[in-house]
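For the sequence shown, my numbering begins at 186 and goes up steadily by one.
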Amino acid sequence: MIRYEMSPELMVKFEDCAKRYDWQGPDGKPRIEFVIPADRLKESNDLTVKREWLKGKKD
């Protein structure tokens with residue numbers, strides 16, 4: 186698994202791809218899902234910051 190944060194630019198550049206699915210998420214903040222078209226994936230991936238590999242749990 187990879188944990189990452191997105192640059193605030195994502196909200197501007199991909200506003201047309203944002204779908205709000207939970208108006209009362211953690212701490213009362215809405216949760217937003219981005220449906221990114223395949224031809225824009227590179228552009229969205231370039232906006233990731235602080236990538237970190239997480240160790241998986243062993244059964």
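Ideal Cβ placement from N, Cα and C applies to all residues, glycine included.
Taking Glu-218 as the reference, give the member of Glu-237, Asp-224 and Leu-195 with the closest Cα.
Among Glu-237, Asp-224 and Leu-195, the Cα nearest to that of Glu-218 is on Leu-195.
- Item | Inter-residue CB distance, Pro-215 and Asp-207 (contact presumed, cutoff 8 Å) | Right, the Cβ-Cβ distance comes to about 6 Å (below 8 Å), so this counts as a contact.
Based on DSSP bridge pairs, tell me the residues matched to Asp-207.
Arg-216.
- request: With distances taken Cα to Cα, identify the nearest neighbour of Lys-204 among Ile-221, Trp-238 and Lys-227.
  value: Considering only alpha carbons, the answer is Ile-221.
Practice task
List the endpoints of the continuous beta strand (DSSP E) containing Glu-200.
Solution key: Careful: Glu-200 lies outside any beta strand (DSSP E) and carries neither H nor E.
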